[in-house]
Every structure is written in C-alpha cells, then in structure tokens.
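**Q** Numbering (our numbering), first residue to last: 336 to 656. Structure provided below as structure tokens; questions to follow.
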Ligand SMILES: [Fe+2]
C-alpha cells in the first residue's frame, strides 16, 4: 500500500509516486522517481516539497511507518498564541503591515523593469532591525503562514528578519547586519522576472523549466547591479544563495569558503524559512523536523554556521520555543 511520508523520512531506494510542492522553486522530477542518493532528497527540499507518496511494494519502505506529522493551520494558530504574548503578536503584525507597502512597491518596480531602489529596501530593514527580541521572533512566526499572494513578500520579509537576528547572534557589527537584512529582503527578487505561469505551475516542471527557475539568482543579481549604490554584500547574497558548501549548488558551483560568508548565512536562513512555511491547506514541517533535516544534509550548508544557527537561534535564541 502507498504511504504519504515527509522528506526527512526519505531513504535511498524509495520510489516516489506522487508529491506536493509549492511550485515556486520548481525542481520537481518526473514521476515515478527513484531516490538514488542524498542529492535527490536535497533536490526535493530545494523545490519546497512538503511531503511525498512512496510505493513500498516497488521500492524501499520507511522503518517505522509513515505519519502525517507537522503543524496544521489550526495547530499553527494555537502554537503561536502559546509562544507569544498578545502584545508581541500585535507589534509584529503592525511591523508587517507597515513594511508591506514598501516591499510591494519594490516587487512591482522589479516586475515593471525598473531599477531597485536601495533606499526603499533600507527603510524596511530599519523597521525590521527595530523589531528586536520577542517582537522579531513573533514576526518570523507570523510570516510562516502564507496565503497565495503573500508568498514572495512574506518569505522576503522573514528571511530578512532571520538574517538580522542571526547576524546579531553572531555578534556582527550593525552595519553588516543591516546589509544582511537588505540581502535577505532582495535575495529572491530575480524570481519576479520569471514567467508567472512557471512560478505557479502545479504540474511537474520540464527540465527546461527547471533550468529556467535556476536562473533566478543571476537574473536578480543583474537587476540589483543596475542600482549604482547596491553594496557588494547584497549582490553576493542574491547571486550565491543557492550555492552549496560541497560545490553542488548553483549558479557557479562554488565550494566552501569561496562562497561569500553572507551568502552562506543566507542559505541557512532561506532553507529554514522555506521548510517551516505553512499554507492554509497544508501541514508544515515543525521547527525540529526542519533543523533535523538540515543537520542531516551533509555538504549543503557551512557546518560551522549551521551549528551556530542551531545553538544560538534555535536552542538559546529568538527561535527557542
Ligand atoms: Fe532563491
């Protein structure tokens, strides 16, 4: 009998017959799909796949049986209310509402082919930097739930907030932290230059379509570069946020410390945010499942930064339960 399982349960030898994914990242292979290496699991993770259906009669099975797992929409609300005070949630909601017009105008500038204004991004990051501590954690928590038209906006905002908090946890100077925030906000803007139908497509993407989605870091970089005052750190984050520590990422296949550190920080925050995102109609990975998977992905992240993210953000920092 077929089983629905979560990505962290995937093992080499399993045959995937169905999958759900959020469409925007798109690296979904032809089905049925045989998991032949850890890299195959990584591919699904990058495509923001939430769960898959396997056929154990034709491939490997899970050890302890499949389970639905994760947070439902209703559990998400309860979880949020149990973690944060009403005041923190209200302040976070206010920050999101205040920054929304700025981010939406940046996104529409990109769609219209206009140059991104650094000043607009900087103002949003100033608001996020002012939202420290529990307020910031509540903002990241609130941003997990994404309605259809909020995906890019809330992902950009949450990655920016995560990078600011992580920068503080790493005890970087405020100027660098500000640049990390701007980079987090703008890192995926190249996606705005892709055909909308490609980003919202629910069927399996063809190889050509997958390759097209993978052009978003370079497209974003070229777009941001047109603004003369765009700092190098921001450009590096945009261009290299999909590079992997073992050299298997894109667009350049850079390895280890050849990947600029801000981009290695972005990779951790970007994947964490994408994995813990919840949709009204879908369960999301819990924080511990996401962290478990990231720790179990050798080669993807800078191991030292990932360890610091877990120690300073999840165990003892702003993301602590
Ligand atoms: Fe991206």
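Ideal Cβ placement from N, Cα and C applies to all residues, glycine included. Small disclaimer: the values here were computed from a predicted structure and weren't measured.
Would you check if the distance between the CB atom of residue 562 and the CB atom of residue 451 is smaller than 7 angstroms?
**A** yes
**Q** According to DSSP, simplified to helix, strand and coil, what is residue 354?
**A** strand
**Q** Report the residue from 512, 482, 491 whose alpha carbon sits nearest the alpha carbon of residue 522.
**A** 491
**Q** Look at the Cβ atom of residue 580, then the Cβ atom of residue 603, and state whether they are nearer than 7 angstroms.
**A** In this structure, residue 580 keeps its C-beta atom at 7 angstroms or more from the C-beta atom of residue 603.
**Q** Do residue 523 and ligand 1 come close, with the Cβ less than 6 angstroms from some heavy atom?
**A** yes
**Q** Cα separation between residue 425 and residue 488?
**A** Whole-angstrom Cα-Cα distance: 19 angstroms.
**Q** Can you tell me which residues form a DSSP beta bridge with residue 369?
**A** 350
**Q** So for residue 387, helix, strand or coil by DSSP?
**A** Reduced to three states, the DSSP call for residue 387 is strand.
**Q** Just to check my reading of the structure: residue 605 and residue 576 have Cβ atoms closer than 8 angstroms, yes? What is that Cβ distance to the nearest angstrom?
**A** 6 angstroms
**Q** Go to residue 339, then tell me how far its beta strand (DSSP E) extends in each direction, as first and last residue.
**A** 338-341
**Q** Nearest CA to the CA of residue 555: which residue from 423, 546, 571?
**A** Of 423, 546, 571, the residue nearest in Cα terms is 571.
**Q** Reducing DSSP to helix, strand and coil, say where residue 529 ends up.
**A** coil
**Q** Can you grab the Cα-Cα spacing for the pair residue 480 / residue 504, in whole Å?
**A** 25 angstroms
**Q** Mark residue 506 as exposed unless 16 or more other C-beta atoms lie within 10 angstroms of its C-beta, in which case mark it buried.
**A** exposed
**Q** Have a look at residue 627 and residue 344 and give me their C-alpha separation to the nearest angstrom.
**A** 11 angstroms
**Q** Kindly identify the DSSP beta-bridge partner or partners of residue 477.
**A** As far as DSSP is concerned, residue 477 takes part in no beta bridge.
**Q** Tell whether a beta-carbon distance below 7 angstroms holds between residue 477 and residue 427.
**A** yes
**Q** Indicate whether residue 346 and residue 395 have their beta-carbon atoms separated by less than 7 angstroms.
**A** yes
**Q** In terms of residues, what are the limits of the alpha helix (DSSP H) holding residue 643?
**A** 638-643
**Q** When you compare the CB positions of residue 559 and residue 516, do they come within less than 7 angstroms of one another, or not?
**A** no
**Q** Name the residue from 437, 442, 469 whose alpha carbon lies nearest to the alpha carbon of residue 460.
**A** Put simply, of 437, 442, 469 the residue whose alpha carbon is nearest the alpha carbon of residue 460 is 437.
**Q** Output the distance between the C-alpha atoms of residue 629 and residue 433, rounded to the nearest integer angstrom.
**A** The straight-line gap from Cα to Cα measures roughly 32 angstroms.
**Q** Looking at C-alpha atoms only, which residue of 530, 485, 590, 501 is the closest neighbour of residue 648?
**A** 501
**Q** Quick check: residue 653 and residue 472, are their CB atoms within less than 7 angstroms of each other?
**A** yes
**Q** Have a look at residue 354 and residue 387 and give me their C-alpha separation to the nearest angstrom.
**A** 4 angstroms
**Q** If you run the structure through DSSP and keep just helix, strand and coil, what is residue 452?
**A** coil
**Q** Measure the C-alpha to C-alpha separation of residue 443 and residue 456 and round it to an integer number of angstroms.
**A** Taken atom to atom, the span from the alpha-carbon of residue 443 to that of residue 456 is near 13 angstroms.
**Q** Below 7 angstroms CB to CB, which residues in the same chain sit around residue 591 once its five sequence neighbours on both sides are set aside?
**A** Here residue 591 has 580 as same chain residues with Cβ atoms under 7 angstroms from its own Cβ, once five neighbours each way along the sequence are excluded.
**Q** Using only the alpha-carbon positions, how far apart do residue 467 and residue 385 sit?
**A** The straight-line gap from Cα to Cα measures roughly 30 angstroms.
**Q** When DSSP labels each residue in this structure, what does residue 653 get in the three-state scheme?
**A** coil
**Q** Just confirm the distance between the C-beta atoms of residue 393 and residue 350, as a whole number of angstroms; I'd bet it's less than 8 angstroms.
**A** About 5 angstroms; that satisfies the 8 angstroms criterion.
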